[in-house]
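Participant: If you scroll down you'll find the structure; I have some questions about it.
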Amino acid sequence: MKLSFVLAAAMAATASAFAPSPISFKSSGLNMAEEQFDQEQFIAESKEMRLKHLEEQAMFALKIACENYEGAVFPNAMIAGDVVITHLLHRLGYLEDGKCKVMVVDTFHLFPETMEFLKEIEEFYKFKAEVFCAEGIPVGDKAAYDKRYGADLWKENIEEYDRVCKVEPFQRGLKTLNTNCMINGRTRWQGFERAWIDQFENAPIGGGLAKCNPIAYWTLEDTFDYIAKYNVPHHPLHAKGYPSIGDAKDTIPIPEDGSTKFVDLKFEGDKTAWLDYASERKGRFVGLANADGSTKTECGIHVDGAEKTWDRDLWETDSSKVKKLETTDAAIEVKSSGKPSVMVVYAPWCQFSQKMEEEFEKFAEEVGGDVDIYSFRGDEERDFVQENLNTKSFPTVNVIKPDGTAVKYESEVRTVDAFKKFMDETLA
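Taking mature numbering (1 follows the signal peptide of the UniProt record, and there is no 0), I'd label the letters of the sequence shown as residues -17 to -1, 1 to 411.
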């Protein structure tokens, strides 16, 4: 009943009243059939009509999210799309009344301007963000982070850095804030992997988590048009040539000479360098490589495999030959059983765990009759897996010998034949 009522109210409140202005014609002394309309005015009016529709559409989605979910949370990275959503939430009153909580992940590697900008918008919009960072570290204490995790963790193990500084705080933040609807700024314009997203998605976790993508159908140009239209507070680094802003260590201007920028609510230079399809994040993750040597293009929170964090666990089907261990006691029992086995320690958000899922399943199908194959989710029991299962990153595969010794598979070649060879040699 509540959803129906709010849906109807929202529709009534946001009903479009589009009545296009009469198209302007330039008189040239010819008859009407020969008169020419003002093309530039037509384009400007069309863009304004489009933006007005996008605004109403986005606000409609935000109303549904914030009025029907008691745990609506907006993870705000303060990039262009996020400042638009912040402004829309403000227009709807959801920042001041607390119907939408704002969450920020501080990686300790952000540009100094980013957290300063957060303070500015908190004051401007009269809200207070919930800031999350690496586990066990006080908010804002970079020295404590360096001491515990190492200042060069991102250089030594980029996947572990992503887990410690981005994925784990992000997940913890959503859980701490009792999120049941996550609002975010993903758009179809950002790339092919997002080309079919809609304004709402369901992704079960616990009692169920919905995703609201209010600006799903916007282009990046729409975003900056909105910022200009309403003089929206936006990240100061846009004026220095950065289309998107992430960690200072791996974010650069586009083009690198900084010739394209957004200054005083308008573009300078060739704006297509920013606004072409899938170009928004060109300057992100520069110089980083994944453990397999491939160029890094994602931070592990939203896209590709990381989205499965909220969609499903790995090896979860009833037909899977990989037996799931739900508790640390169950893992200890396997180690002390006196039987040989193979156990993968994984994290469902880890792209490498996801990529090896199919191959490890095939391995289990081939050898499962002779040796039991197990999976154990390690990101929620990090101390345990580090101490008992040789785990410093995910995935980690161990062959468990009959005496309980766990022998780690060190190679990153994750194929059926490679797993079988290692198992046979270890148990010989």
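All C-beta atoms, glycine included, are put in the ideal place defined by N, C-alpha and C.
Which residues in the same chain as F250 place their Cβ atom closer than 6 Å to its Cβ, once the five residues preceding and following it in sequence are excluded?
Facilitator: Along the sequence shown, one-based indexing puts residue 250 at 267. No residues qualify anywhere along the chain.
Participant: Let me check understanding here. Comparing Cα to Cα, which of E105, C83 and V150 lies closest to F115?
Facilitator: In the sequence shown, the residue the question calls residue 115 occupies position 132. If we check each option's Cα against that of F115, V150 comes out closest.
Participant: What residues are listed by DSSP as bridge partners for R365?
Facilitator: For the purposes of this step, residue 365 is taken as residue 382 along the sequence shown, with counting starting at 1. Partner(s): none; R365 has no beta bridge.
Participant: If distances are taken between C-alpha atoms only, which option among M42, A112 and V399 comes closest to E349?
Facilitator: Numbered from its first residue, the sequence shown carries residue 349 at position 366. Nearest C-alpha to E349: V399.
Participant: I'd like the list of long-range same chain contacts for K384, defined as Cβ closer than 8 Å, with 5 residues on each side in sequence excluded.
Facilitator: As a first step, residue 384 is located in the sequence shown; it is residue number 401 there, counting from the start. For K384, where only same-chain residues beyond five positions count, the Cβ hits under 8 Å are P323, V390, T409 and L410.
Participant: Assign E340 to buried or exposed, taking buried as 16 or more other Cβ atoms, counted over all protein chains shown, within 10 Å of its Cβ.
Facilitator: For the purposes of this step, residue 340 is identified with residue 357 of the sequence shown, where counting begins at 1. Classification of E340: buried, given that the 10 Å Cβ count is 16 or more.
Participant: Do you know how far the Cα of C148 is from the Cα of Y132?
Facilitator: Looking up residue 132 in the sequence shown gives position 149. Looking up residue 148 in the sequence shown gives position 165. Those two C-alpha atoms are separated by around 10 Å.
Participant: Within 10 angstroms of its Cβ, does W257 collect 16 or more other Cβ (buried), or is it exposed?
Facilitator: Your numbering for residue 257 matches position 274 in the sequence shown. Per the 10 Å Cβ criterion, buried.
Participant: Given A44, which residues of its chain have a CB within under 6 Å of its CB, disregarding the five upstream and five downstream residues?
Facilitator: Along the sequence shown, one-based indexing puts residue 44 at 61. Q182, C195 and P197.
Participant: Taking the continuous alpha helix (DSSP H) assigned at I315, which residues delimit it?
Facilitator: In the sequence shown, residue 315 corresponds to position 332, counting from 1. Here the alpha helix (DSSP H) through I315 covers T311 to K318.
Participant: Pick out whichever of L72, G123 and Q334 has its Cα sitting closest to the Cα of M98.
Facilitator: For the purposes of this step, residue 98 is taken as the residue at position 115 of the sequence shown. Nearest C-alpha to M98: G123.
Participant: Is Q173 helix, strand or coil when you go by DSSP?
Facilitator: To locate residue 173, count along the sequence shown from 1; it is residue 190. Residue state, collapsed to three classes: helix.
Participant: Rounded to the nearest angstrom, what separates I141 and E23 at their Cα positions?
Facilitator: Reading the sequence shown from its first residue, position 158 is the one you call residue 141. Reading the sequence shown from its first residue, position 40 is the one you call residue 23. Spanning the two alpha carbons is a distance of roughly 49 Å.
Participant: Classify P95 as helix, strand or coil using the three-state DSSP reduction.
Facilitator: Indexing the sequence shown from 1 puts residue 95 at position 112. Helix, per DSSP.
Participant: Counting Cβ pairs closer than 8 Å, one from the region 219 to 233 and one from the region 67 to 81, do we hit at least three?
Facilitator: no
Participant: I'd like to confirm the pairing. Which residues does DSSP put opposite R360 in its beta bridges?
Facilitator: The sequence position of residue 360 within the sequence shown is 377, counting from 1. DSSP output for R360 lists Y329 as bridge partner(s).
Participant: List the endpoints of the continuous beta strand (DSSP E) containing A389.
Facilitator: For the purposes of this step, residue 389 is taken as the residue at position 406 of the sequence shown. Here the beta strand (DSSP E) through A389 covers A389 to K391.
Participant: Once you ignore the five residues that flank S319 on each side, which residues in its own chain have a CB closer than 6 Å to its CB?
Facilitator: Mapped onto the sequence shown, residue 319 falls at position 336. Excluding residues within five positions, the ones whose Cβ falls inside 6 Å are G387.
Participant: Taking the alpha-carbon positions, what's the N214 to A60 distance?
Facilitator: As a working note, residue 214 is residue 231 in the sequence shown. As a working note, residue 60 is residue 77 in the sequence shown. Straight-line Cα distance between these residues: approximately 19 Å.
Participant: Give me the Cα-Cα distance between Y260 and G266, rounded to the nearest whole angstrom.
Facilitator: Position 277 of the sequence shown, counting from 1, holds the residue named residue 260. Position 283 of the sequence shown, counting from 1, holds the residue named residue 266. Going by the C-alpha atoms only, they are around 14 Å apart.
Participant: I'd like to know whether the C-beta atoms of V67 and Y200 end up nearer to each other than 7 Å.
Facilitator: Stepping through the sequence shown from its first residue, residue 67 is reached at position 84. Stepping through the sequence shown from its first residue, residue 200 is reached at position 217. Contact: no.
Participant: Go ahead and label K130 buried or exposed: buried means 16 or more other beta carbons lie within 10 angstroms of its beta carbon, across all protein chains shown.
Facilitator: By one-based count along the sequence shown, residue 130 stands at place 147. Exposed is the call here.
Participant: Whole angstroms are fine: how far does the CA of A314 sit from the CA of residue 429?
Facilitator: Because residue 429 is not part of the residues shown, which for the chain are -17 to 411, the question remains open.
Participant: Taking only runs that begin and end inside the region 37 to 70, name each unbroken alpha helix (DSSP H) of 4 or more residues, in chain order.
Facilitator: none
Participant: Compute the beta-carbon to beta-carbon distance between R171 and E118, rounded to the nearest angstrom, for a pair I have assumed lies under 8 Å.
Facilitator: Position 188 of the sequence shown, counted from the start, is the residue given in the question as residue 171. Position 135 of the sequence shown, counted from the start, is the residue given in the question as residue 118. R171 to E118, Cβ: 34 Å. No contact.
Participant: I need the straight-line Cα distance from K404 to F377, nearest angstrom please.
Facilitator: For the purposes of this step, residue 404 is identified with residue 421 of the sequence shown, where counting begins at 1. For the purposes of this step, residue 377 is identified with residue 394 of the sequence shown, where counting begins at 1. Rounded to the nearest angstrom, the two C-alpha atoms are 21 Å apart.
Participant: In this structure, does DSSP put I383 in helix, strand or coil?
Facilitator: What you label residue 383 is simply residue 400 of the sequence shown in a count that begins at 1. Taken through DSSP and simplified to helix, strand or coil, I383 comes out as strand.
Participant: Excluding the 5 residues flanking P219 on each side, which residues of the same chain have their C-beta closer than 7 Å to its C-beta?
Facilitator: Within the sequence shown, numbered from 1, the residue matching residue 219 stands at position 236. If we look at P219 and ignore the five residues flanking it on each side, its Cβ neighbours are E96 and F100.
Participant: What is the C-beta distance between L308 and F359, in whole angstroms, given that I count them as a contact (C-beta under 8 Å)?
Facilitator: Against the sequence shown, residue 308 aligns to sequence position 325. Against the sequence shown, residue 359 aligns to sequence position 376. Confirmed, about 4 Å.
Participant: Using alpha carbons as the reference points, say which of K338, D366 and G352 lies closest to R397.
Facilitator: Your numbering for residue 397 matches position 414 in the sequence shown. The option with the nearest alpha carbon to R397 is K338.
Participant: How many angstroms separate the CA atom of R103 from the CA atom of S29?
Facilitator: Within the sequence shown, the letter at position 120 stands for residue 103. Within the sequence shown, the letter at position 46 stands for residue 29. The residue asked about is misnamed: residue 103 is Glu in this sequence, not Arg. Near 33 Å, if we compare the C-alpha coordinates of S29 and E103.
Participant: For V382, which residues from the same chain have a beta carbon less than 6 Å from its beta carbon, with the 5 sequence-adjacent residues on both sides left out?
Facilitator: Along the sequence shown, read from residue 1 onward, the residue named residue 382 stands at position 399. Cβ neighbours of V382 within its own chain (closer than 6 Å, five residues either side excluded): V325, V390, M406 and T409.
Participant: Tell me which residue opens and which closes the alpha helix (DSSP H) that F346 is part of.
Facilitator: As a first step, residue 346 must be located in the sequence shown, where it is residue number 363. Its alpha helix (DSSP H) spans residues Q334 to V350.
Participant: Out of I120, T206, T300 and E344, state which residue places its alpha-carbon closest to the alpha-carbon of V88.
Facilitator: If you number the sequence shown from 1, residue 88 lands on position 105. Checking every option, the nearest Cα to that of V88 belongs to I120.
Participant: Return yes when the Cβ of K232 is within less than 7 Å of the Cβ of H92, no when it is not.
Facilitator: Numbered from its first residue, the sequence shown carries residue 92 at position 109. Numbered from its first residue, the sequence shown carries residue 232 at position 249. It is a contact, given that the beta carbons lie within the stated cut-off.
Participant: Hey, could you find the ends of the beta strand (DSSP E) residue 413 is sitting in?
Facilitator: A query on residue 413 cannot be resolved here, the shown segment of the chain reaching from -17 to 411 and no further.
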